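Engineer:
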Ligand SMILES: C[S@@+](CC[C@H](N)C(=O)[O-])C[C@H]1O[C@@H](n2cnc3c(N)ncnc32)[C@H](O)[C@@H]1O
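In the working numbering, the protein residues as written are 8 to 224.
1. Using beta-carbon positions only, say whether residue 67 and residue 145 come within less than 8 Å of one another.
2. I think residue 22 touches residue 48, with their Cβ atoms under 8 Å apart; what is that distance to the nearest whole Å?
3. With 16 other CB atoms within 10 Å as the buried threshold, where does residue 89 fall?
4. Assign residue 149 to buried or exposed, taking buried as 16 or more other Cβ atoms, counted over all protein chains shown, within 10 Å of its Cβ.
5. Within 10 angstroms of the Cβ of residue 201, are there 16 or more other Cβ atoms? Answer buried if so, exposed if not.
6. Quick one: does the C-beta of residue 215 sit closer than 7 Å to a heavy atom of ligand 1?
7. Which value, in whole angstroms, describes the spacing of the CA atoms of residue 157 and residue 12?
8. Ordered along the chain, which non-local residues of its own chain (more than five positions away) have a Cβ less than 6 Å from that of residue 71?
9. Nearest to residue 195 by alpha carbon, out of 213, 63, 38 and 174?
10. Between residue 118 and residue 97, how many whole angstroms is the CB-CB distance? I'm expecting something under 8 Å.
11. Looking at chain D, is there any beta carbon in it that lies within less than 8 Å of the beta carbon of residue 56?
12. Would the C-beta of residue 46 count as close to ligand 1, meaning under 7 Å from any of its heavy atoms?
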C-alpha cells in the first residue's frame, strides 16, 4: 500500500529529529488507557512548540484544547520554571488527566485549566483584560475563526499564535487525498489567516500542518 506522502515525510522528520521521550510516551499511553481518542500533536510538532516559546521568550501561554496534556507539556517545557500555561478544555475528565500529566512533568504550580466550551472561557478572559504572549489553538475546527479573533484581542504586542491541523491531512492542497469533515472550512480559514492584516503568518507542513502567526500590534 502506498503511504500518504505527508505521513511519509512526517515519519522521516520524527524519526530523525525527535528523541524517545518517556514522559510524553506515558502521556500517550494514559490517553489510550482512558479510552480517549489519540489526537495529540506529533512529536516534532510538540518540539516546534517548545522551541518557538524558547526562541520568543514567551511566558504567558494560552492553549485551546488540552486532551491529555501532551502539547501542554511541550508548551511548558518551552518556558521552563518561569512561565504559566492557561489551558481551555471542554471535557472535565480530559482536563483532569492533562493536569495529572503536567503534575508528573513538574509543572503543576504553573498550569491552570478552564473547563467548558472554550468560547465562553475566552470571553471571561477578555472581560478580565488578561493578556498572553503565546497561543496554541488545537480544538474544534469549526470555531477556529472565533478562537483566532479572541486570541488577537488577548494578545500582547508581537505575540505568537500557533494553529494546528491546518493541512487537514493534506486534503486542503491535494484533491487526491480523501477530504476530512472540515477540509473546506480549513481552506477558507487558511485564506482568512493569510490575508489578515493584523497577522504575519506562515504555514509549516509539520504534523498535520501548523500555522505560525505573529500579531502585528
Ligand atoms: C486535538 S485534541 C487536543 C490535543 C492537544 N492539544 C495535544 O496535542 O496534546 C482537541 C481537544 O479539544 C477539545 N475541545 C473540543 N471542542 C472544544 C470546545 N468547544 N471547547 C474546548 N475544548 C474543546 C477536545 O475535548 C480535545 O481534548
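No residue lacks a Cβ here, since even glycine has one placed at the ideal position from N, Cα and C.
A quick note: this is a predicted structure, and the numbers were derived from the prediction, not measured.
Structural biologist: On the basis of the supplied data:
1. In this structure, residue 145 does not lie closer than 8 Å to residue 67 by Cβ.
2. Their Cβ separation, rounded to whole angstroms, is 16 Å, which puts residue 22 and residue 48 out of contact at 8 Å.
3. Exposed: under 16 other Cβ atoms inside 10 Å.
4. Exposed, because fewer than 16 other Cβ atoms sit within 10 Å of the Cβ of residue 149.
5. Exposed, by the Cβ-count rule.
6. Not under cutoff, so the answer is no.
7. Distance between the alpha carbons of residue 157 and residue 12: 34 Å.
8. Excluding positions up to five away in sequence, the list reads 95, 125, 144, 146 and 154.
9. Closest in alpha carbon position to residue 195, among 213, 63, 38 and 174, is 174.
10. Residue 118 to residue 97, Cβ: 17 Å. No contact.
11. This model lacks chain D altogether, as it is built from one protein chain only.
12. Yes, the beta carbon of residue 46 sits closer than 7 Å to at least one heavy atom of ligand 1.
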